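For reference, the structure discussed in these notes is given below.
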Amino acid sequence: MATKNNIVVLGAGVSGLTTAYLLSKDPSNCITVVSKHMPGDYDIEYCSPWAGANYLPVGKSGSSHERWERNTWPALRELTEKHPDAGIHFQDTIVYNRKKDQGSATGQWFSELVQKEPWYKNVVPGFTNVPDDQLAPGIDNASKFTSVCINTAVYLPWLIGQCRKTGVVFKRAVFNHIAEAANAHHTGQKADLIVNCTGLSSKKLGGVCDDKLYPARGQIVVVRNDPGAMVSISGTDDGDDEVTYMMTRAAGGGTVLGGSYQKNQWDPLPDPNLAVRIMKRAIELCPQLVKKGQGIEGLSIIRHGVGLRPLREGGPRIEAEKIEGVNVVHNYGHGGFGYQASFGCSQDAVALVNSALKRKDQAKL
Ligand SMILES: Cc1cc2nc3c(=O)[nH]c(=O)nc-3n(C[C@H](O)[C@H](O)[C@H](O)COP(=O)(O)OP(=O)(O)OC[C@H]3O[C@@H](n4cnc5c(N)ncnc54)[C@H](O)[C@@H]3O)c2cc1C
Ligand SMILES: *[C@@H]1O[C@H](CO)[C@@H](O)[C@H](O)[C@H]1NC(C)=O
Ligand SMILES: *[C@@H]1O[C@H](CO)[C@@H](O)[C@H](O)[C@H]1NC(C)=O
Numbered sequence: 001m002a003t004k005n006n007i008v009v010l011g012a013g014v015s016g017l018t019t020a021y022l023l024s025k026d027p028s029n030c031i032t033v034v035s036k037h038m039p040g041d042y043d044i045e046y047c048s049p050w051a052g053a054n055y056l057p058v059g060k061s062g063s064s065h066e067r068w069e070r071n072t073w074p075a076l077r078e079l080t081e082k083h084p085d086a087g088i089h090f091q092d093t094i095v096y097n098r099k100k101d102q103g104s105a106t107g108q109w110f111s112e113l114v115q116k117e118p119w120y121k122n123v124v125p126g127f128t129n130v131p132d133d134q135l136a137p138g139i140d141n142a143s144k145f146t147s148v149c150i151n152t153a154v155y156l157p158w159l160i161g162q163c164r165k166t167g168v169v170f171k172r173a174v175f176n177h178i179a180e181a182a183n184a185h186h187t188g189q190k191a192d193l194i195v196n197c198t199g200l201s202s203k204k205l206g207g208v209c210d211d212k213l214y215p216a217r218g219q220i221v222v223v224r225n226d227p228g229a230m231v232s233i234s235g236t237d238d239g240d241d242e243v244t245y246m247m248t249r250a251a252g253g254g255t256v257l258g259g260s261y262q263k264n265q266w267d268p269l270p271d272p273n274l275a276v277r278i279m280k281r282a283i284e285l286c287p288q289l290v291k292k293g294q295g296i297e298g299l300s301i302i303r304h305g306v307g308l309r310p311l312r313e314g315g316p317r318i319e320a321e322k323i324e325g326v327n328v329v330h331n332y333g334h335g336g337f338g339y340q341a342s343f344g345c346s347q348d349a350v351a352l353v354n355s356a357l358k359r360k361d362q363a364k365l
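Structure (structure tokens):
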């Protein structure tokens with residue numbers, strides 16, 4: 001008789017939930033998701049609710065990162081077209097580039113995004129370069145395409161709902177060590193495998209701590225105003241690690257104004273001066289955000305926020321490992337691209353889960 005695979009997924013951010021969702025499609029998996037934070041929480045240790053979130057590819061051409069983002073687009077597109085309940089919609093997108101940002105933290109982050117012939121030009125619909133004579137002063141080049149914007153407050157609960165339909169069980173707990181996670185399966189049996197989707201917290205968790213992780217602090221202002229398109233620019237004149245971007249979330253989710261990309265900064269509190277700069281820059285770039293003649297007083301603020309993007313030197317860790325006799329598959333360190341690479345990364349994690357479980361079954365024979 002076939003026994004089920006008991007799997008514990010640690011973490012309920014977009015990485016943990018997407019991995020659990022894909023694993024739950026296989027009826028031989030019996031899954032518990034265990035997490036310190038869950039959708040509905042807003043906390044500095046929980047990155048996913050703070051994201052825009054949109055699809056602006058940043059993976060270098062030819063890298064695994066490119067493959068993860070390339071493989072994620074069809075899934076996001078299908079959700080947008082066929083599952084309105086997932087809270088994702090298509091948006092016209094403009095990306096502006098200034099050559100002087102090339103060496104800055106934000107310019108490096110945008111370097112693939114602003115290419116004339118980026119790898120994603122045949123992935124997203126409607127990619128075009130904006131003709132030079134249509135560029136405003138100070139802009140060196142720009143491109144347009146159609147992307148998506150995800151309302152994280154709808155999408156994360158949607159992923160939970162999909163998982164619950166197939167019997168996945170959700171629990172709250174905080175783990176200090178891998179052995180505790182192995183004993184957390186809802187059946188009471190020892191887990192055959194743990195998937196580690198703990199984001200930036202993997203830096204501090206017991207067992208092996210990953211020193212390659214570091215935060216890139218992102219401050220945002222969420223407003224009720226709607227600019228009508230998603231607009232981003234490679235940098236600002238307010239410092240190396242500030243950017244300007246805006247995106248309107250599906251289903252009344254408001255418009256996220258960003259932002260910053262402050263490496264190794266952990267401050268959980270919104271900086272009021274930065275908030276003012278973010279709002280001023282957004283209106284400068286997109287005057288249609290407010291009524292003619294208005295400044296930041298024309299913005300209707302829903303909330304200020306700060307999230308820490310879980311960056312990792314060398315890129316995300318999607319790897320199988322045996323820790324104290326327990327099979328572990330890691331899927332953490334997704335920086336500023338956790339949504340736009342979510343399906344690609346989780347597909348790789350699922351493949352690692354399947355081969356680890358196959359090895360386990362062979363060992364039993
Ligand atoms: C301002 C901002 C804008 C962004 N915009 C975008 C965007 O437009 N597009 C995009 O693709 N990405 C964007 N991102 C990046 C994206 O949000 C992250 O890459 C993504 O949320 C990471 O998800 P995660 O599931 O790996 O981590 P998290 O969401 O941080 O989840 C980690 C989970 O692990 C749990 N956990 C941690 N430690 C423990 C423990 N010891 N025991 C139990 N549970 C534990 C936590 O409770 C949590 O549930 C943005 C980020 C920010 C901050
Ligand atoms: C825009 O400029 C960058 C240099 O900052 C260059 O690498 C890129 O190819 C240019 N893109 C377009 C669309 O011309
Ligand atoms: C997850 O990975 C981090 C980094 O290697 C490690 O500190 C932590 O113990 C891991 N957790 C589990 C449950 O494997």
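According to the UniProt record's numbering, the sequence shown is numbered sequentially starting from 1. Heads up, the beta-carbon is just placed ideally off N, CA and C, and yes, glycines get one too. Since this is a predicted model, take the numbers as computed values, not measurements.
Starting from the C-beta of residue i, find all residues in its chain whose C-beta is less than 8 Å away, skip the five residues before and the five after it, and write them out in chain order.
i: residue 4; result: 28, 29, 30
i: residue 146; result: 90, 91, 92, 93, 124, 125, 126
i: residue 47; result: 13, 199, 200, 307, 308, 309, 310, 338
i: residue 276; result: 296
Just checking my contact of residue i with residue j at CB under 8 Å: how many whole Å lie between their CB atoms?
i: residue 179; j: residue 324; result: 6 Å
i: residue 216; j: residue 263; result: 5 Å
i: residue 56; j: residue 113; result: 6 Å
i: residue 10; j: residue 181; result: 5 Å
i: residue 88; j: residue 229; result: 16 Å between Cβ atoms; not a contact.
Does the CB of residue i have a neighbour CB from chain C at under 8 Å?
i: residue 46; result: Looking at the structure shown, chain C is missing, and only one protein chain is on hand.
Between which residues of its own chain and residue i is the CB-CB distance below 7 Å, once the five residues before and five after are set aside?
i: residue 104; result: 235, 240
i: residue 21; result: 159, 162, 163
i: residue 313; result: 212
i: residue 254; result: 222, 223, 224, 302
i: residue 121; result: 127
i: residue 285; result: 231, 233, 244
Taking the alpha helix (DSSP H) that residue i belongs to, which residues open and close that run?
i: residue 108; result: 105-109
i: residue 336; result: From DSSP, residue 336 is part of no alpha helix (DSSP H); its letter is neither H nor E.
i: residue 178; result: 178-182
i: residue 64; result: 64-82
i: residue 58; result: Careful: residue 58 lies outside any alpha helix (DSSP H) and carries neither H nor E.
i: residue 283; result: 272-285
State the start and end residues of the unbroken beta strand (DSSP E) segment that holds residue i.
i: residue 149; result: 141-150
i: residue 310; result: 301-312
i: residue 321; result: 317-323
i: residue 260; result: 255-260
i: residue 193; result: 193-196
i: residue 242; result: 242-248
i: residue 89; result: 88-97
Can you pull the DSSP bridge partners for residue i?
i: residue 34; result: 10, 171
i: residue 447; result: Limits of the chain in this structure are 1 at one end and 365 at the other, which puts residue 447 out of reach.
i: residue 118; result: Answer is none; residue 118 lacks a bridge partner.
i: residue 51; result: Partner(s): none; residue 51 has no beta bridge.
i: residue 327; result: 193, 322
i: residue 129; result: 143
i: residue 43; result: 46
i: residue 233; result: 96, 244
Ordered along the chain, which non-local residues of its own chain (more than five positions away) have a Cβ less than 6 Å from that of residue i?
i: residue 86; result: 79, 155, 158
i: residue 186; result: 32, 169
i: residue 346; result: 18, 19, 22
i: residue 335; result: 309, 311
i: residue 444; result: Only positions 1 to 365 of the chain appear in the structure, and residue 444 is not among them; the question remains open.
i: residue 44; result: 268
i: residue 153; result: none
i: residue 305; result: 50, 220
Who's in the neighbourhood of ligand 4, going by beta-carbon under 6 Å from any heavy atom, listed in chain order? As far as ligands go, the structure on display features ligand 1, ligand 2 and ligand 3 and does not contain ligand 4.
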